[in-house]
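Read through the structure below, which is laid out as structure tokens, and then see the notes.
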Amino acid sequence: ETTGLPKSRNAPPEVTDMWPRMVSVAWISSLPSDTECEDHIIKPDGYTIPTAASNVHGITTKHAMENGKDIETVMQVLADKLKDCSHIACYNVQFDKSVLLSEAYRMQNRTLVNLLKGIKWYCVMKRVKNHLSLKNYIKLSVAHGMICCEMTDKTYEYHNAGDDVLATREIVFSILGEV
Numbered sequence: 004e005t006t007g008l009p010k011s012r013n014a015p016p017e018v019t020d021m022w023p024r025m026v027s028v029a030w031i032s033s034l035p036s037d038t039e040c041e042d043h044i045i046k047p048d049g050y051t052i053p054t055a056a057s058n059v060h061g062i063t064t065k066h067a068m069e070n071g072k073d074i075e076t077v078m079q080v081l082a083d084k085l086k087d088c089s090h091i092a093c094y095n096v097q098f099d100k101s102v103l104l105s106e107a108y109r110m111q112n113r114t115l116v117n118l119l120k121g122i123k124w125y126c127v128m129k130r131v132k133n134h135l136s137l138k139n140y141i142k143l144s145v146a147h148g149m150i151c152c153e154m155t156d157k158t159y160e161y162h163n164a165g166d167d168v169l170a171t172r173e174i175v176f177s178i179l180g181e182v
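Position in the sequence shown (first residue = 1) + 3 = this note's numbering.
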């Protein structure tokens, strides 16, 4: 989750002032030995979370300051996970990859930039569009309902990083089978 949308979706992530700040990030491994979902709120440093963004994901600046972790710490944990990773699957790769790269550039963390650029990215949103033969992209909540409604009785709180990761993982497994 972020502080909002980019000023231009075509801006490269190196132009960090065009990209929103990360408010929370989550990931889960597809390895059978590592199925724990990591979900982290980021402590704002030099920015606030606009009310409009908080209304979407429920994380206020006050909550993030009280419960968040330093972005450097969280990104280091992510970098450690990525070292053993061959692919990243997320619902909207263009946005998620750019936000992660933008934060890595802000931190001047070349190692993380190289990891993020060197990994293969799999856009679940594009795959869903093709799988369902749709003309347009659909929201994660709609895709999950259409593809996984019989697979699970769990309800997700969409625009919650942890729940979004779990819903996306269910879509991937439903479309591709467990990998």
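For every residue, glycine included, the Cβ atom is placed at its ideal position computed from N, Cα and C.
Since the structure is predicted, the reported quantities are computational estimates derived from the model, not experimental observations.
Please classify residue i: is it buried, with 16 or more other beta-carbons within 10 angstroms of its beta-carbon, or exposed?
i: Cys93; result: buried
i: Thr171; result: buried
i: Thr76; result: exposed
i: Ala55; result: exposed
i: Lys10; result: exposed
i: Gly71; result: buried
Within the continuous alpha helix (DSSP H) that includes residue i, where are the two ends?
i: Cys151; result: 143-151
i: Tyr108; result: 96-109
i: His134; result: 127-134
i: Thr114; result: 113-121
Taking just the CA atoms, how far does residue j sit from residue i?
i: Val127; j: Val80; result: 23 angstroms
i: Thr6; j: Leu179; result: 32 angstroms
i: Glu69; j: Pro47; result: 10 angstroms
i: Leu135; j: Trp124; result: 20 angstroms
i: Val182; j: Arg130; result: Summary for Val182: the model assigns pLDDT 40, below 50, so the residue's position carries little reliability; its value from the coordinates is reported in the next sentence. When rounded, the distance between both Cα atoms is 16 angstroms.
Look up residue i in the DSSP assignment and say whether it is helix, strand or coil.
i: Lys72; result: strand
i: Val175; result: helix
i: Val3; result: There is no way to answer for residue 3, as the model of the chain reaches only from 4 to 182.
i: Thr43; result: The amino acid at residue 43 is misidentified as Thr; the sequence shows His. Three-state DSSP puts His43 in a strand.
i: Glu51; result: Rather than Glu, the amino acid found at residue 51 in this sequence is Thr. Here Thr51 sits in coil by DSSP.
i: Lys10; result: coil
i: Lys65; result: helix
i: Val168; result: helix
Since residue i and residue j should fall inside the 8 angstroms C-beta cutoff, what is the C-beta to C-beta distance between them, to a whole number of angstroms?
i: Lys100; j: Leu119; result: 7 angstroms
i: Met149; j: Leu115; result: 35 angstroms between Cβ atoms; not a contact.
Just to confirm the assignment, what range does the beta strand (DSSP E) spanning residue i have?
i: Ala14; result: Where Ala14 is concerned, there is no enclosing beta strand (DSSP E), given that its DSSP letter is neither H nor E.
i: His90; result: 90-93
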